[in-house]
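What follows is a set of notes on a single structure, which appears directly below.
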Amino acid sequence: MSFSTSQPAETGPAGSAQVAPRPHDSKSGLELGSAGIRELASLAPSRGSLSPRAFLDSDAAKLSLNGEWQFRLSSGIRVAPEDGWQSGEDLAGFAALPVPSSWPMHGHGKPAYTNVQFPFPVNPPFAPEANPVGDHVRTFTATGEFFPNALVRFDGIESAGTVWLNGVELGTTRGSRLAHEFDVSGILVPGENTLAVRVAQFSAASYVEDQDMWWLPGIFRDVTLQARPADGIDDVFVHADYDPSSGEGVLRVEVTRHGEPSAAVVRIPELGFDIPAGTEHRIAGVRPWSAEQPFLYAATVRTAGETITLQLGFRSISIEDAQFKVNGQPILLRGVNRHEHHPRLGRVVPWDVVVAELKLMKQHNINAIRTSHYPPHPDFLALADQLGFYVVLECDLETHGFEAGNWRQNPSDDPGWETALVDRMRRTVERDKNHASVIMWSLGNEAGTGRNLAAMSAWTKHRDPSRPIHYEGDWSSAYVDVYSRMYADHAETELIGQGVEPALEDADLDRRRRAMPFMQCEYVHAMGNGPGGMSEYQDLFERYPRLMGGFVWEWLEHGITVPAPDGGEQFAYGGDFGEETHDGNFVTDGLVDANRKPRPGLLDFKKVIEPLRITVDRDWATVSIRNGFDFADTSGLAFTYSVAYDGGVRQGLTAPVSGVVAVAPIPAGEEVTVPLPTALAGAGAVLTVSAVLAEATDWAEAGHEIAWGQGVRVDATPPSVPAVSTVVAEPTVLRLGPLVIDRATGVPVEIGGIAVENFRLVLWWPPTDNDLGRGWQGRQEIPLADSWKNAGLDRLHSRLIGIDARAAEHAAGSGTGSSPDSMPDDGVTTGGETVIVRTRVAAADKQFGVFVDYSWHTDGGWLELRTQVRPDGDWVDAGRAVDWARVGVEFVLAAQPDSLVWFGKGPHHSYADTGQGARLGRYTLPVAELDVDYVRPQESGARSGVVEAEINLGEHSLELRGEPFALTVRQYSQEHLAAATHRTDLSADGRTYVYVDHLLSGVGTAACGPGILDQYRLAPQSVDFTVQLRIAPSAM
635 MSFSTSQPAE
645 TGPAGSAQVA
655 PRPHDSKSGL
665 ELGSAGIREL
675 ASLAPSRGSL
685 SPRAFLDSDA
695 AKLSLNGEWQ
705 FRLSSGIRVA
715 PEDGWQSGED
725 LAGFAALPVP
735 SSWPMHGHGK
745 PAYTNVQFPF
755 PVNPPFAPEA
765 NPVGDHVRTF
775 TATGEFFPNA
785 LVRFDGIESA
795 GTVWLNGVEL
805 GTTRGSRLAH
815 EFDVSGILVP
825 GENTLAVRVA
835 QFSAASYVED
845 QDMWWLPGIF
855 RDVTLQARPA
865 DGIDDVFVHA
875 DYDPSSGEGV
885 LRVEVTRHGE
895 PSAAVVRIPE
905 LGFDIPAGTE
915 HRIAGVRPWS
925 AEQPFLYAAT
935 VRTAGETITL
945 QLGFRSISIE
955 DAQFKVNGQP
965 ILLRGVNRHE
975 HHPRLGRVVP
985 WDVVVAELKL
995 MKQHNINAIR
1005 TSHYPPHPDF
1015 LALADQLGFY
1025 VVLECDLETH
1035 GFEAGNWRQN
1045 PSDDPGWETA
1055 LVDRMRRTVE
1065 RDKNHASVIM
1075 WSLGNEAGTG
1085 RNLAAMSAWT
1095 KHRDPSRPIH
1105 YEGDWSSAYV
1115 DVYSRMYADH
1125 AETELIGQGV
1135 EPALEDADLD
1145 RRRRAMPFMQ
1155 CEYVHAMGNG
1165 PGGMSEYQDL
1175 FERYPRLMGG
1185 FVWEWLEHGI
1195 TVPAPDGGEQ
1205 FAYGGDFGEE
1215 THDGNFVTDG
1225 LVDANRKPRP
1235 GLLDFKKVIE
1245 PLRITVDRDW
1255 ATVSIRNGFD
1265 FADTSGLAFT
1275 YSVAYDGGVR
1285 QGLTAPVSGV
1295 VAVAPIPAGE
1305 EVTVPLPTAL
1315 AGAGAVLTVS
1325 AVLAEATDWA
1335 EAGHEIAWGQ
1345 GVRVDATPPS
1355 VPAVSTVVAE
1365 PTVLRLGPLV
1375 IDRATGVPVE
1385 IGGIAVENFR
1395 LVLWWPPTDN
1405 DLGRGWQGRQ
1415 EIPLADSWKN
1425 AGLDRLHSRL
1435 IGIDARAAEH
1445 AAGSGTGSSP
1455 DSMPDDGVTT
1465 GGETVIVRTR
1475 VAAADKQFGV
1485 FVDYSWHTDG
1495 GWLELRTQVR
1505 PDGDWVDAGR
1515 AVDWARVGVE
1525 FVLAAQPDSL
1535 VWFGKGPHHS
1545 YADTGQGARL
1555 GRYTLPVAEL
1565 DVDYVRPQES
1575 GARSGVVEAE
1585 INLGEHSLEL
1595 RGEPFALTVR
1605 QYSQEHLAAA
1615 THRTDLSADG
1625 RTYVYVDHLL
1635 SGVGTAACGP
1645 GILDQYRLAP
1655 QSVDFTVQLR
1665 IAPSAM
């Protein structure tokens, strides 16, 4: 049945593709390669290939043609040899190459990265002259089961392939991520055969394949010889709907042969069904499929000559009351955008890697995938069906590079391209139409607007009216069924959720769009340190029924593994291969790195989207649990608790330190409050309540944590440090117990026998990728990084106003930033217990700055440092207000750090608008592992909510404590970090750099999307904070 919508399905004819004459086309034919140039400039879809059909699991014979091929690279089509190589007769100059492969990943040419830009002149439909051509040849043996009829299938060739078998041209491919099949009946011979493929990196098709990724030519997906038996099955179209009102499945299976309906028997053993194909059947009592409960029925479709094996998932899709529903229930997408990339193989992703990454997604509560921006490997969809994902399956279409020319010549609106673009959509839909996981077809990405998109939508609605159509690029949403945007900020998203967004000029289109659910097809851009603002989006998604969630950009960084200068390896990004045009490290944005190692952003995202909300009450007497699943109750989960203090077991509890919380199954959408063990009520500790898998699943072991909540009853106030020691003035230094201060600068030069090489106020950090962006909503005229640099936050100078020594009772009330006129003539008095160092900190050429007072006292062991900061002047630079990155102090110690133990949030880093997945506890990590190894080095590694810490310095340790502060420890300076372009640029310099921050800014997503939300921005302000520290013998 069709998905429910208030709009009728559109229909319309597809146009015909033709190459219009060009005024400068050659007429003489004296130049080399004219025929090849014309072929590559054709707007037509593939030539000679069979009609697209579903990817089927057949019992007919098949032979994988993957493996070692022979390969030769030419610089362009004009000089590519025509020497009979297609028959395998003369392969001089050829060398071995694996197929599937992206040939630049094997030393033939180089990868190139662009996001929006075309890497060649924009002169459609012509490919550039510098257009590498790869010739591929292999032989194989065909046995009797492949006769009389067989076909050869290519699942992916980038960008344009011409195929020969035994010297006979079969045809061409267009659509790099789309399957093409060629009939080889009568050409295939018993025994040895030669298959040859010429692949051009660029063609007219490249103008519609401008996705944000590396340009990597090659035969990068499987090549297969398939027998086509007499009385076989060409295609199957499964319609397996679900009627939520009756609980019935509605099944119709279309089987075709040579384009005509064919008699076949459909068997579903679990349901006891043997039914003829082509007729509709209502089946009582079926279990419906959803991403939460992905129930599939094994089925076969059989004719006399062939049997097809299927996995059927019964599910329905409807749009009602501006809500997207599956099986009659509104769903919330907790999704990611997924490219296919491998750091060593390029476009080729081994199957075990695919399985592992989809399991990793499930383990982090992700329930939806947008196949950005093309159909994935055909095996991917069966795995999505089995594990349970909602899939927005996107056509292989993007023309983003035309935006720079105001979309002139955009193929989306050029009638000459219509046949080719409709063919792309047709191949997308036909291949994957039988998968329950596919809940929407997407026309493509960032391809502007135009008639051809409408034609693609019309064809799709006619072919498959059961699934809605998605496309973000046309905000009028005239030919789609879901209102989709990318990077709409929180304020606009809330307006859309309320249904009060600004109106379209066309009242009918506006009315139609307001009846649509809203989806963020891309949001919270995960580039570098971030993304910030995730919680606020999720709050909106859960508050407004119209908002159906969204897809993080993106799942995976696209780094390429290359040798590093130090002899190791590192990830390369745009520009590292000498590209003429590129978009730098914009290709390394993801929740996991290129090796699928989780970034902190993934750990935070898991917490933000967790399907259960667990809240421990203030007295630890009860815990509230809200089930946010759309379908599943909590019968598959167990609930546990654990109690810890400073990482150890809290002594004296009468209850066990861990145990089980008794929770009856909670239906989807409901909330309960259950009691906790009574012995916990008086404990002063950290209580964690977790929801874990009761039994193993296909994607995780029993005990895997789905959600958690904490109750915290830790006294964060450190014991007071009495002011016992008195100040001793020497000619050049002051001594206060373990502290030595330079009288000329006011800067500590020694603490507890450890030399202090620098001490200063810090308001800046090495810019993150988000700090380098302006944000999409225009609230920042310039990037934060530029604002900080222009204001001189990275080059602050301190002027000593004076040093005072006072008795503790007088020092306690000292003001911040006293006037220099209030200081004694010599700037110092002696005999008290507290040293106060008064300074003004500012940048060259700037009138604004800050007054900073540092007050020190000690009991002879512990030092207490009070830092008071007060802005001086208006922090406005060139007419723009200046924000700060942080407010804290830096210690540079002349000792090599080893490890850090801390009690605070962890184990990963956290900033003002991130760290949702960090929990309070005691953690230990090597200092070298505290920074995050982002491909482009940047600010990272701060641990927030710290109340105690110990930095191991070998024989000694620096201990820190105080009311919750942020702590960063590194082996290299901020300046060194800011100058680095790759991880291997960083090296330990034998010092310990310690940053104790009272305030940290948020990080936002300004690299691509909204900047920092107002509540997380750090405007200049007065700050007063205290930290205690001492050097002690190392206990580690």
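Every position in the sequence shown, counted from 1, becomes a number in this note's numbering once 634 is added.
C-beta: ideal position from N, C-alpha, C; glycine also.
From a predicted model like this one, the values you see are computed outputs, not experimental measurements.
#1: Can you check which of these residues, MET995, SER840, ASP1479, is closest to SER676 by C-alpha distance?
#2: Determine the DSSP secondary structure at ARG1061, reduced to helix, strand or coil.
#3: Helix or strand or just coil, what does DSSP make of ALA1666?
#4: Taking contact to mean 3 or more Cβ pairs, one atom from each stretch, closer than 8 Å, check whether the stretch 1241 to 1252 and the stretch 991 to 1003 are in contact.
#5: Can you name the residues that DSSP bridges to ASN971?
#6: What do you get for GLN1172, buried or exposed, if any count of 16 or more other CB atoms within 10 angstroms of its CB means buried?
#7: If you measure between the beta carbons of ARG901 and THR934, is that distance less than 7 Å?
#8: Have a look at the DSSP bridge pairing and note the partners of ILE853.
#9: What would DSSP say about HIS1096, mapped onto helix, strand or coil?
#10: One question on the structure: do GLU974 and PRO1010 come within less than 7 Å of each other, judged by their Cβ atoms?
#11: Report the residue from ILE711, ALA695, LEU690, GLU1214 whose alpha carbon sits nearest the alpha carbon of LEU625.
#12: So which of THR1618, VAL1158, ILE1194 has the shortest CA-CA distance to GLY1208?
#13: Touching or not, the stretch 1057 to 1067 and the stretch 1102 to 1115, by the rule of three or more beta carbon pairs under 8 Å?
#14: Note down, one range per segment and in chain order, each beta strand (DSSP E) of at least 3 residues found wholly within the stretch 857 to 928.
#15: To which residues does DSSP link LYS959 through a beta bridge?
#16: Run through the DSSP bridge pairs and tell me what ALA730 is partnered with.
#17: Tell me whether the stretch 734 to 751 and the stretch 1210 to 1217 touch, counting them as touching only if at least three CB pairs, one residue from each stretch, are closer than 8 Å.
#18: How many angstroms separate the CA atom of PRO1012 from the CA atom of THR858?
#19: Around the Cβ of VAL1134, are there at least 16 other Cβ atoms within 10 angstroms (buried) or fewer (exposed)?
#20: Do you know offhand how far GLY682's Cα is from GLY1540's?
#21: Give the range of the alpha helix (DSSP H) segment to which TYR1171 is assigned.
#22: Can you look up PRO1352 in the DSSP assignment and give me helix, strand or coil?
#23: For GLY969, tell me which candidate among LEU930, SER1076, ALA861, GLY1184 has the shortest Cα-Cα distance.
#24: So which of LEU1181, TRP1093, VAL1158, TYR1157 has the shortest CA-CA distance to GLN1132?
#25: How many angstroms separate the CA atom of PRO1667 from the CA atom of GLU1524?
#26: Contact defined as beta carbons within less than 8 Å: I believe LEU1430 pairs with LEU1395. What is the distance between those atoms, to the nearest angstrom?
#27: Evaluate SER1354 with the Cβ neighbour count: other Cβ atoms within 10 Å of its Cβ, from every protein chain shown; 16 or more gives buried, anything less gives exposed.
#28: Between the C-alpha atoms of PRO824 and ARG772, what's the straight-line distance to the nearest angstrom?
#29: Please report the distance separating the alpha-carbon of PRO655 from that of GLY1050.
#30: According to the Cβ coordinates, are ALA1653 and ASP1517 closer than 7 Å?
#31: Identify whether ALA1311 lies in helix, strand or coil by the three-state DSSP scheme.
#32: Compare the beta carbon distance of SER736 and GLY852 with 7 Å and say whether it is the shorter of the two.
#33: Would you kindly report the start and end of the unbroken beta strand (DSSP E) that includes VAL935?
#34: Say whether the stretch 1079 to 1098 touches the stretch 692 to 708, bearing in mind that this needs 3 or more beta-carbon pairs closer than 8 Å, one atom from each stretch.
#35: Tell me, which residues are paired with MET1153 by DSSP?
#36: Taking the runs of the alpha helix (DSSP H) that are 4 residues or longer, which of them lie wholly in the stretch 987 to 1061?
Let me lay it out:
#1: SER840
#2: helix
#3: strand
#4: yes
#5: ARG1004
#6: buried
#7: yes
#8: ILE791
#9: helix
#10: yes
#11: This structure gives no information on residue 625, because the portion of the chain shown stretches from 635 to 1670.
#12: ILE1194
#13: no
#14: 857 to 861, 869 to 877, 882 to 891, 899 to 902, 907 to 910, 915 to 917
#15: SER952, PRO964
#16: GLN704
#17: yes
#18: 13 Å
#19: exposed
#20: 59 Å
#21: 1168 to 1177
#22: coil
#23: GLY1184
#24: LEU1181
#25: 22 Å
#26: 7 Å
#27: exposed
#28: 16 Å
#29: Summary for PRO655: the model assigns pLDDT 42, below 50, so the residue's position carries little reliability; its value from the coordinates is reported in the next sentence. Their backbone Cα atoms lie some 12 Å apart in a straight line.
#30: yes
#31: As written in the sequence, residue 1311 is Pro, which differs from the Ala given in the question. PRO1311: coil per DSSP, three-state reduction.
#32: yes
#33: 931 to 936
#34: no
#35: SER1118
#36: 1013 to 1021
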